[in-house]
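Asker: Got a structure for you, written out below as structure tokens; questions coming shortly.
Numbering (our numbering), first residue to last: 142 to 526.
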């Protein structure tokens, strides 16, 4: 092995809410990217007991089956464990094997602080809280909700503007390392054909509750979407989001349908990492609508999903969150604030799609390549060999 190889543990969510291919990819990019750099990488996912589906035997649950399938598909079977929270019961690696890996580990990358098992994390000196949900994490922490920040030694965020004068979100006394979502480009080659000839995206109408801070309500994707509800009636291409929205949202369902949104069921088109990649790569372009909390906070959030579109050579029209202060826009990637902005970009893509497709891929190669992003993150942690 090269002298600079390190044992690394990554923790995040793949199976706690199974059949979400995009959520799985958000974590896999770190696991596969670190492995590509030559590190000895282990993945552990804590599974809250309340999330277990088919409770008679959790090891045969939908969660466990989805976990086994994903780690097998990516050759991680001997380096991964699903750990039933507050127990030492696992699927995959045994708890004893996890303890041994933690003893050797140089660094833990802990998405949203999910891994809280003190027996494992206390053994690792460099414990990185990896924040993929900026603004909400910090606001909840500032309101006294335990987001498990205090168990970590370092803090990294995809909120590229966190801590700057233009972002009102508190830093909670932590120094936040700014990092882009990594993409393992070998798993995301330029796409060759289009099966969804229009604007697509993948997301949840709602994820969790909104949060109020200093009189401002930081809301969910539903609140952003409603401001654009009439877009399909003006747009010359189809609007085809794969959108998880509860059947009880009858008013919003009616508004989406009546205004021409062709809503696809993500359980049918993006339920696995493979299906998610096929959907993204088969799209003409992405319309990336952000949670209103990201928009109002101007935190600079940029989606790992949008980075996958770019890597696939699919142009991205993303709602402005302050990310345009950190990434080049105007070719392949565009920031929008209004319907008129979106329509102007669609016209530009129709005029010269090949140019913007090539530009999207170049941007992924220059800014989101996991080799670049993860090496920079190691540098910030002082772990360069």
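Every residue gets a Cβ at the ideal spot worked out from N, C-alpha and C, and that includes glycine.
1. Extract the residue ranges of the alpha helix (DSSP H) inside the region 206-253, only unbroken runs of 4 or more that lie entirely within it.
2. Suppose contacts are defined by Cβ-Cβ distances below 8 Å. Is residue 367 in contact with residue 163 by that definition?
3. Run through DSSP, which three-state label would residue 287 get?
4. Using a Cβ-Cβ cut-off of 7 Å (strictly less than) and excluding sequence neighbours within five positions of residue 357, which residues of its own chain qualify?
5. Does DSSP classify residue 401 as helix, strand or coil?
6. Determine the extent of the beta strand (DSSP E) in which residue 339 is found, giving its start and end residues.
7. On the DSSP bridge list, what partners appear for residue 184?
8. Is DSSP giving residue 143 helix, strand or coil here?
9. Should residue 493 be labelled buried (16 or more other beta-carbon atoms within 10 Å of its own) or exposed?
10. Using a Cβ-Cβ cut-off of 7 Å (strictly less than) and excluding sequence neighbours within five positions of residue 410, which residues of its own chain qualify?
11. First and last residue of the beta strand (DSSP E) that includes residue 370?
12. Assuming residue 247 and residue 518 make a contact with CB atoms under 8 Å, what is their CB distance in whole Å?
13. Would you say residue 466 and residue 429 are within 8 Å of each other, going by their C-beta atoms?
14. Quick check on the DSSP output: the beta strand (DSSP E) that includes residue 426 runs from which residue to which?
15. If you check the beta carbons only, do residue 278 and residue 287 fall under 8 Å apart?
16. Could you please give me the residues that DSSP links to residue 462 through a beta bridge?
17. Based on the DSSP output, what are the partners of residue 319 in its beta bridges?
Answerer: So, from the listed chains and residues:
1. 236-245
2. Position 226 of the chain shown, counted from the first residue, corresponds to residue 367. Position 22 of the chain shown, counted from the first residue, corresponds to residue 163. No, the pair does not count as a contact, with Cβ atoms beyond the cut-off.
3. Along the chain shown, read from residue 1 onward, the residue named residue 287 stands at position 146. Coil.
4. Locating residue 357 in the chain shown gives position 216, where the first residue counts as 1. Closer than 7 Å at the Cβ level, and outside the excluded window around residue 357, lie 437.
5. Here residue 401 is taken as the residue at index 260 of the chain shown, counted from 1. Coil, per DSSP.
6. Stepping through the chain shown from its first residue, residue 339 is reached at position 198. Here the beta strand (DSSP E) through residue 339 covers 337-341.
7. The residue labelled residue 184 in the question sits at position 43 within the chain shown. In the DSSP output, where bridge partners are listed per residue, residue 184 has 151 and 221.
8. Taking the chain shown and counting its residues from 1, the one referred to as residue 143 is at position 2. In this predicted model, residue 143 has a pLDDT of only 39, less than 50, meaning its place in the structure is not dependable; the value taken from the coordinates is given anyway. Of the three classes helix, strand and coil, the one that applies to residue 143 here is coil, per DSSP.
9. Taking the chain shown and counting its residues from 1, the one referred to as residue 493 is at position 352. So residue 493 counts as exposed.
10. Here the question's residue 410 lines up with position 269 in the chain shown. These residues qualify, in order along the chain: 383, 416 and 420.
11. Taking the first residue of the chain shown as 1, we reach residue 370 at position 229. That residue, residue 370, is in no beta strand (DSSP E); it is neither H nor E in DSSP.
12. Here residue 247 is taken as the residue at index 106 of the chain shown, counted from 1. Here residue 518 is taken as the residue at index 377 of the chain shown, counted from 1. Not a contact, Cβ separation roughly 13 Å.
13. The count along the chain shown starts at 1 and reaches residue 466 at position 325. The count along the chain shown starts at 1 and reaches residue 429 at position 288. Cβ distance not < 8 Å, so residue 466 and residue 429 don't count as in contact.
14. One-based indexing of the chain shown puts residue 426 at position 285. Where residue 426 is concerned, the enclosing beta strand (DSSP E) stretches over 424-429.
15. In the chain shown, counting from the first residue as 1, residue 278 sits at position 137. In the chain shown, counting from the first residue as 1, residue 287 sits at position 146. Not a contact, by the Cβ cut-off of 8 Å.
16. Translated into positions along the chain shown, residue 462 becomes position 321. In DSSP, residue 462 forms no bridge with anything.
17. Here residue 319 corresponds to residue number 178 of the chain shown, with the count starting at 1. Paired residue(s): 298.
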